[in-house]
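In structure tokens, the structure reads:
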């Protein structure tokens, strides 16, 4: 009785040509070694930034207590609700995202410049 189960089942898994990928890996390693030999990044001195300092003004939190404000699209971003970053001129809505923003690469780059 011959049926479907008598024929060999072709392998459904993808076959990789190890020689080709080994050659690509060796080329990539060779390029990385060439790049690392003449890199100036290892010789760079980190930028010395000034330390944090306390505010020299009082934050007025009581003047807006119990009041409501209308925020439109034309309202300046410094007056919108949320955490405002004066370096990037953006507003972040919660503290976790604000901490992520403060520690982000884009903001650090803007602080160094």
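Numbering (UniProt numbering), first residue to last: 1 to 113.
Ideal placement from N, C-alpha and C gives every residue a C-beta, glycine not left out.
Where residue i sits in the DSSP three-state scheme
| i | result |
| --- | --- |
| residue 88 | coil |
| residue 33 | helix |
| residue 12 | coil |
| residue 50 | coil |
| residue 62 | coil |
| residue 20 | helix |
| residue 172 | Nothing about residue 172 can be reported from this structure: the residues present for the chain run from 1 to 113 only. |
Per DSSP, cross-strand counterpart(s) of residue i
| i | result |
| --- | --- |
| residue 83 | 92 |
Residue i - containing alpha helix (DSSP H), residue span
| i | result |
| --- | --- |
| residue 109 | 105 to 112 |
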